[in-house]
Amino acid sequence: MQVEKHQLAQALSLVVNSTPEVWGEGYYGRLMTSCIGAQDYQYPVFDYEYKDRHILYTHVHNTVIRSSPMDFFEFGVFKGDSFRAWMKINTHPASRFFGFDSFEGLPEAWRTCNLPKGHFSTEGALPAIDDPRGTFVKGYFNQSLFPFLTDYERKNRMVIHIDSDLCSSCLYVLMTMNPWIARGTVIVFDDFGPVDEFAAFHHWYTSCSRTWKIVGTRTDLVKFAVVVTN
Numbered sequence: 000m001q002v003e004k005h006q007l008a009q010a011l012s013l014v015v016n017s018t019p020e021v022w023g024e025g026y027y028g029r030l031m032t033s034c035i036g037a038q039d040y041q042y043p044v045f046d047y048e049y050k051d052r053h054i055l056y057t058h059v060h061n062t063v064i065r066s067s068p069m070d071f072f073e074f075g076v077f078k079g080d081s082f083r084a085w086m087k088i089n090t091h092p093a094s095r096f097f098g099f100d101s102f103e104g105l106p107e108a109w110r111t112c113n114l115p116k117g118h119f120s121t122e123g124a125l126p127a128i129d130d131p132r133g134t135f136v137k138g139y140f141n142q143s144l145f146p147f148l149t150d151y152e153r154k155n156r157m158v159i160h161i162d163s164d165l166c167s168s169c170l171y172v173l174m175t176m177n178p179w180i181a182r183g184t185v186i187v188f189d190d191f192g193p194v195d196e197f198a199a200f201h202h203w204y205t206s207c208s209r210t211w212k213i214v215g216t217r218t219d220l221v222k223f224a225v226v227v228t229n
């Protein structure tokens, strides 16, 4: 009984004294644990440092894409490290790579990592690439993505790499691209935090009645890859 009273006191203290951000982190943290825990099948879990994130990319490619061409979309390019990594992994001449970024940094503060608006700016400079398959689309997603999609024709299996960090950015991307996201589309999250990319992903797949299966993840779930099954 004393333990229960102590737990109740802790819960009340959390409600009274905490900020909405703390409540959100607790809610989405538990929701994320529940959603991933409900996946009753085996999937690969990798243990690697940030500099070795190509390990997950390579696994996803070799498991799902294999030797086929792909239409690759990256949201949050920054200096182009992961963009170039994917181009190196998939060398099919018919593959197409589209990188979306304002190159002016975060459009709003990223509270989870305590980073201010404008962080990750390259002052408008685009990454240098020497592969003609790659194209960069400059601008904030809510200004550049829909105009791009009006002329886009999907030719290959789609791979969406989300490194937008913010829930708002990720949610806009998924909802806007939903009509183009077919069964078999791969989505790779680079910062799958509970209140950010997971929250956006959860709102998208529940709102649009989409289903998915885990392809692979890092041990801490921050790097997370799924394939859309419906």
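Heads up, the sequence shown is in numbering that gives the first Met the number 0, so the first residue is 0 and it goes up one at a time. Beta carbons: idealized from backbone N, C-alpha and C, even for Gly. Quick caveat, the model's predicted, so the values are computed rather than measured.
Look up residue i in the DSSP assignment and say whether it is helix, strand or coil.
i, result
"Lys212", "strand"
"Thr134", "strand"
"Glu107", "coil"
"Glu73", "strand"
"Val221", "coil"
"Phe145", "helix"
"Asp190", "coil"
"His202", "helix"
"Phe102", "coil"
"Ser167", "helix"
"Phe197", "helix"
"Phe119", "coil"
"Arg95", "strand"
"Ile128", "coil"
"Ile35", "helix"
"Ile180", "coil"
As a quick exercise: from the options, pick the residue whose alpha carbon is nearest that of residue i.
i, options, result
"Val227", "Pro193, Phe191, Thr90, Phe200", "Phe200"
"Arg65", "Thr90, Gly79, Val44, Ser81", "Thr90"
"Arg217", "Val76, Val136, Phe145, Tyr49", "Tyr49"
"Val225", "Val136, Phe197, Asp51", "Phe197"
"Glu152", "Gln142, Met174, Arg95, Ala108", "Arg95"
"Thr184", "Ser81, Thr62, Asp80, Glu20", "Thr62"
"Leu173", "Lys78, Trp109, Leu105, Glu73", "Glu73"
Express the C-alpha separation of residue j and residue i in angstroms, rounding to a whole number.
i, j, result
"Phe140", "Tyr56", "23 Å"
"Cys112", "Asp130", "33 Å"
"Phe71", "His160", "8 Å"
"Leu30", "Asn229", "21 Å"
"Leu220", "Pro193", "10 Å"
"Pro43", "Phe99", "29 Å"
"Phe102", "Asp46", "30 Å"
"Pro146", "Ile213", "31 Å"
"Ser163", "Cys169", "6 Å"
"Ser206", "Cys166", "15 Å"
"Arg132", "Ser67", "15 Å"
"Asp195", "Ser81", "20 Å"
"Glu107", "Arg156", "32 Å"
"Tyr204", "Thr210", "7 Å"
"Ala93", "Ala84", "17 Å"
"Pro126", "Gly138", "14 Å"
"His53", "Val158", "15 Å"
Need the endpoints of the beta strand (DSSP E) that residue i sits in, please.
i, result
"Cys59", "The displayed chain sequence assigns Val, not Cys, to residue 59. From DSSP, Val59 is part of no beta strand (DSSP E) but of the alpha helix (DSSP H) over 53–59."
Grab the span of the alpha helix (DSSP H) containing residue i for me, first residue to last.
i, result
"Arg153", "Premise fails: Arg153 is in no alpha helix (DSSP H) and is neither H nor E."
"Ala84", "80–88"
Indicate whether at least one CB of chain C lies closer than 9 Å to the CB of residue i.
i, result
"Thr90", "Looking for chain C here will not work: only one protein chain is present."
Inter-stretch contact (C-beta, 8 Å, three-pair minimum) for the segment 172–188 and the segment 115–128:
no
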